[in-house]
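> Have a look at this one before I ask anything.
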Amino acid sequence: MARTRAQKIARFKEQKDLEGEIENLRKVINKSKEDDTCLDDELIRNYYLKLINSNVSKCVDEIECLMSEKQIVKFKKDHPDEYEARKKPQFKSKPMTPIIITKDELQKKVFGAGYPSLPKYTVQEFYEQRVRDGIWQAPSDSNTRCLQTRTPEMEEAAKEQEDEEKETKMEEDDPEELARLRAKDEFKDTHKRGFGNRYNRS
């Protein structure tokens, strides 16, 4: 087997060299025909001999291929059972199951028909429940605190209420109010007017 492989490689190399020589000789002959020069008979003889050898080598390779194919066909004919056993097993794939997408099923997915958890109350009821639980503020409370909706009368009323609360705390000597006023006086004693951020000015 190794000898046959080596012979094939050597024959392949010889065939390539032979084809190269034939191509060179062909160029010389074509050039001499164009120049109308006289050709050497030995050159022409050498060209045709190499061309014949090249074709003979190709024929030998083809005959060897045909002989090997003949042996395979003969073996198949003489040993049909063994030939079938050497065949690769053909795996049968599972049949493809068709996927049917109906119009009703698509509509159910889009519009939510047949969804297990249907809404139990409206948006208004949900909002009122959130207000009762204290998660959201009631609209009346939020409106009174909004600066855009407050009128001058509301501002004056709020200021009067704040002044009344301060007077009541002063009269009753509220400890928190007294502590706040004392802390304010101490702060004024230790911090002169104009202290604070002077923008790096001395």
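Numbering (the UniProt record's numbering), first residue to last: 1 to 202.
In this text, a Cβ means the ideal position worked out from N, Cα and C, and glycines have one as well.
None of the values given here were measured: they were computed from a predicted structure.
(1) Assign Y48 to one of three DSSP states: helix, strand, or coil.
(2) Which of helix, strand or coil does DSSP assign to D173?
(3) Can the beta-carbon of S57 be found closer than 7 Å to that of Q15?
(4) Within the continuous alpha helix (DSSP H) that includes D133, where are the two ends?
(5) Would you kindly check if the distance between the Cβ of L66 and the Cβ of Y47 is under 7 Å?
(6) What separation, rounded to the nearest whole angstrom, lies between the Cα atoms of T37 and R45?
(7) Distance check for E64 and K74, CA to CA, integer angstroms please.
(8) To the nearest angstrom, how far is the alpha carbon of D35 from that of R11?
(9) In chain order, what residues of the same chain lie with their CB nearer than 8 Å to the CB of L178, ignoring the 5 residues before and after it?
(10) To the nearest angstrom, how far is it from the Cα of K184 to the Cα of E155?
(11) Hey, how far is the Cα of Q137 from the Cα of E176?
(12) So, with DSSP's three-state summary, where would you put F187?
(13) Just tell me which of D61, M170 and E21 has its CA closest to the CA of R5.
(14) Cβ of K50 within 7 Å of Cβ of I29?
(15) Whole angstroms are fine: how far does the CA of T151 sit from the CA of Y127?
(16) Quick check: what's the CA-CA separation for D41 versus K31?
(17) Put I99 into one of helix, strand or coil per three-state DSSP.
For this structure:
(1) Position 48 of the sequence shown holds residue 48. If DSSP states are grouped into helix, strand and coil, Y48 belongs with the helices.
(2) The residue given as residue 173 occupies position 173 in the sequence shown. If DSSP states are grouped into helix, strand and coil, D173 belongs with coil.
(3) For the purposes of this step, residue 57 is taken as the residue at position 57 of the sequence shown. For the purposes of this step, residue 15 is taken as the residue at position 15 of the sequence shown. Yes, Cβ-Cβ distance for S57 and Q15 is below 7 Å.
(4) Taking the sequence shown and counting its residues from 1, the one referred to as residue 133 is at position 133. If you look at D133, you'll find it in the alpha helix (DSSP H) that goes V123 to D133.
(5) Mapped onto the sequence shown, residue 47 falls at position 47. Mapped onto the sequence shown, residue 66 falls at position 66. Not closer than 7 Å, so no.
(6) By one-based count along the sequence shown, residue 37 stands at place 37. By one-based count along the sequence shown, residue 45 stands at place 45. C-alpha of T37 to C-alpha of R45: approximately 17 Å in a straight line.
(7) Here residue 74 refers to the residue found at position 74 of the sequence shown. Here residue 64 refers to the residue found at position 64 of the sequence shown. C-alpha separation (whole angstroms): 15 Å.
(8) Locating residue 35 in the sequence shown gives position 35, counting from the first residue. Locating residue 11 in the sequence shown gives position 11, counting from the first residue. When rounded, the distance between both Cα atoms is 36 Å.
(9) Translated into positions along the sequence shown, residue 178 becomes position 178. When the five nearest sequence neighbours on each side are left out, no beta carbon in the same chain lies closer than 8 Å to the beta carbon of L178.
(10) Counting from one through the sequence shown, the residue named residue 184 turns up at place 184. Counting from one through the sequence shown, the residue named residue 155 turns up at place 155. Their backbone Cα atoms lie some 26 Å apart in a straight line.
(11) Here the question's residue 137 lines up with position 137 in the sequence shown. Here the question's residue 176 lines up with position 176 in the sequence shown. So the two alpha carbons sit approximately 29 Å from each other.
(12) What you label residue 187 is simply residue 187 of the sequence shown in a count that begins at 1. Look at F187 here: in three-state DSSP terms it is helix.
(13) Locating residue 5 in the sequence shown gives position 5, counting from the first residue. The candidate whose alpha carbon is nearest that of R5 is D61.
(14) To locate residue 50, count along the sequence shown from 1; it is residue 50. To locate residue 29, count along the sequence shown from 1; it is residue 29. Remark: C-beta atoms of K50 and I29 do not approach each other more closely than 7 Å.
(15) Here residue 127 refers to the residue found at position 127 when the sequence shown is read from its first residue. Here residue 151 refers to the residue found at position 151 when the sequence shown is read from its first residue. Whole-angstrom Cα-Cα distance: 28 Å.
(16) If you number the sequence shown from 1, residue 41 lands on position 41. If you number the sequence shown from 1, residue 31 lands on position 31. When rounded, the separation of the alpha-carbon atoms in D41 and K31 is 15 Å.
(17) Along the sequence shown, read from residue 1 onward, the residue named residue 99 stands at position 99. In the structure shown, I99 sits in coil (DSSP, three-state: anything other than H, G, I, E or B).
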